[in-house]
Each structure stands twice: as C-alpha cells, then as structure tokens.
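Residue numbers (the UniProt record's numbering): 1 to 276.
Everything below concerns the one structure shown next.
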Amino acid sequence: MKPSVQTRTSRSILTKGSGFLHDYSHTLNPYAGCAFGCSYCYVRRMPIALFREEDWGEWVDIKENAVELVKKEIPKARKKGKVSIFMSSSTDPYQPVEYNTGLTRRLLEAMVEEPPHFLFLQTRSPLVSRDIDLLKVLGSRVMVSLTIETDLDSVRKIFAPSAPPIAARLNALKELRREGIPSQAAIAPLLPCSEEFPDKLSDVTNRITLDDFFMGDGSGGNRTEQLGIRKLFEENGLSDWYDRSTYLKIKKRLEKTFADDAIYISQKGFFPPDQL
Numbered sequence: 001m002k003p004s005v006q007t008r009t010s011r012s013i014l015t016k017g018s019g020f021l022h023d024y025s026h027t028l029n030p031y032a033g034c035a036f037g038c039s040y041c042y043v044r045r046m047p048i049a050l051f052r053e054e055d056w057g058e059w060v061d062i063k064e065n066a067v068e069l070v071k072k073e074i075p076k077a078r079k080k081g082k083v084s085i086f087m088s089s090s091t092d093p094y095q096p097v098e099y100n101t102g103l104t105r106r107l108l109e110a111m112v113e114e115p116p117h118f119l120f121l122q123t124r125s126p127l128v129s130r131d132i133d134l135l136k137v138l139g140s141r142v143m144v145s146l147t148i149e150t151d152l153d154s155v156r157k158i159f160a161p162s163a164p165p166i167a168a169r170l171n172a173l174k175e176l177r178r179e180g181i182p183s184q185a186a187i188a189p190l191l192p193c194s195e196e197f198p199d200k201l202s203d204v205t206n207r208i209t210l211d212d213f214f215m216g217d218g219s220g221g222n223r224t225e226q227l228g229i230r231k232l233f234e235e236n237g238l239s240d241w242y243d244r245s246t247y248l249k250i251k252k253r254l255e256k257t258f259a260d261d262a263i264y265i266s267q268k269g270f271f272p273p274d275q276l
C-alpha cells in the first residue's frame, strides 16, 4: 500500500544535534515519516510517530520549502562555527517519494552552493547513487552511510519488507566506492546473516559500522522491546540472534576480512571525522 503523501511548510530545516548525534551541529530531515516502515525503527517510539493517527510507514510529509531554508540557514550557522549535518536522523532521504520530488537532490545542489563543513548522508536506498555527480563535488565533505543490516533477503523481508533489496544496496555501495565517494556499510541494526556476509561487504566497501538494537536505539534496547522485535525473532526461529553479545561474534567474523581500523562500533561509526 502506498503511503499518504502531504506537503507542508517548515519554519526551519536545521535542528540542533542532540542525544546519539550530539557530535553534529545539526540534523536535517527533508521528509517527515518514512515509507520503508522498518519494524525495528526507533522513530516509531518518538512523538512524531506516536501522535500521528496513521501507522509508521503509512504517511510521508514533504517539507516543500526545505531548499530555501537550507540556503538561508547554513550560511547563518557557519557564522557561529563549524556546520556538520547528519541527514537524516528520523527519515530516509532516499525513500520512494524522492523519485518524484527530487527534494534530497535539490538539497545537495544547495549544499554544493552553500557547503557545510561536513555532511553525513544516511540511507538504506540504492537511489543515493543517482546523486554521485553532486557527491563528487562535495568530496571529502561528505560520507555516505548505506544501511545493510544483513546479506539475506529472506531476513530483510521479515523485518523490513518495504525496504530495498539487499543486492541493490550492495551494488550501489560498490558504485560509490568505484567513483571515489567516501562511504561505508552500516550494519545497523545487526540482523541474522550468513558467514559469507564479511566477504560480500569487502567486495563493495572499505569501511564498516556495526551496531545493534541494544546500543543503537537510544534507550539501551528498551524502545526495541516496546516494538515487539523480540517476538519477530522468536516466531522465525532466530531467538539466538537477539542477544547483547551477538555483535561481538559478527565483529570477529569481520576482523578476518577487514582491518581493525576499518571497523567502527555503534556511535563511533556515525561520528563526524574530526571527532574520531
């Protein structure tokens, strides 16, 4: 089912970084809501989702004046210090509606004109490769983080059936690396995967961030418990994977393929480069 889509005018587009993202000066969300509607998304437990009549994944708001606001707010913020932006913290900038609106692309165009000091671009969509031309211009000012929680599409269909197929994401990440775009695979949150997962990732990226529900949902795993994710693991015979130590086992597998300094754990993998 397609989500309901509305446009709205925002008072501002840059929000002060806080919580998990306190090392960023700002966050930027071109949309409110997310059509991918992943079962484990922590935003489901945030006010933006809780106080909406429609379920998470069934609605998207387009911030129609986002480009104009960015052109005004970045120069203003630069006068106060370094501008580091996390895009996006509570939506996906490349969810399906982006095919029609091109809003994220227009925001990148605006940032080429008025660049932040650093832009962290978080998505789970292969559509990000469409904007390689703009990402090249931003150069070292940008990092693309492409979520690849598992290498098994059968698992993806259990936890995030509306999210893009794994193979398409792997191909996009490979293209980003080939074009010289700073990028990483974000295994976040870690889902059940095969023993071949590290080798598949090594074909497409040189940098990994590994996170799980307990470290990465902003509440020590409490939000995830409230979402009933444990039950999804149990119903599909995957209970052994729902454990605080599971990420350590996968980290050991990754260490056989990736250098130690290429593997980041949880929050550190989402830091701006000047904080590492």
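Idealized CB from N, CA, C, for every residue including glycine.
Please read these numbers as outputs of a predicted model, since none were measured by experiment.
Beta-bridge pairing by DSSP links I265 to L210. The beta strand (DSSP E) runs lying completely inside the stretch 182 to 258 and spanning 3 residues or more are 183 to 187 and 208 to 210, given in chain order. Exclusion of the five residues before and after A186 leaves S145, T147 and T209 as the residues of its chain whose Cβ lies within less than 6 Å of its Cβ.
If you look at K63, you'll find it in the beta strand (DSSP E) that goes W59 to K63.
Closest option to I265, judged by alpha-carbon separation, among F213, A35, G237 and W241: F213. Under the three-state reduction of DSSP output, K79 falls in the coil class, being neither helix nor strand. In terms of CA proximity to D199, E255 leads the group P272, L121 and E255.
Excluding its 5 nearest sequence neighbours in each direction, T205 has C-beta neighbours in its own chain below 7 Å: L173, R177, S183, Q184 and A185, listed in chain order. In the DSSP assignment, M87 falls outside any alpha helix (DSSP H) and lies within the beta strand (DSSP E) extending over S84 to M87. A contact between stretches requires three or more CB pairs, one per stretch, nearer than 8 Å, and the stretch 6 to 23 meets this requirement with the stretch 53 to 73.
A straight-line Cα-Cα distance of about 13 Å links V43 and V60. As a beta-bridge residue in DSSP terms, V144 pairs with L121 and S183. Rounded to the nearest angstrom, the gap between the Cα atoms of F120 and M111 is 12 Å. Taking P189 as the centre and dropping the five residues before and after it, the same chain places the C-beta of Y40, E149, D211, D212, F213 and G216 closer than 7 Å to its C-beta, in chain order. If you draw a straight line from the Cα of M87 to the Cα of I181, it is about 16 Å long. In this structure H22 does not touch I85 by the C-beta definition: roughly 14 Å separates them, more than the 8 Å allowed. Here Q122 is buried: its Cβ has 16 or more other Cβ atoms, across all protein chains shown, within 10 Å. Under the three-state reduction of DSSP output, V97 falls in the coil class, being neither helix nor strand.
When only Cα atoms are considered, K252 and S194 end up about 13 Å apart.
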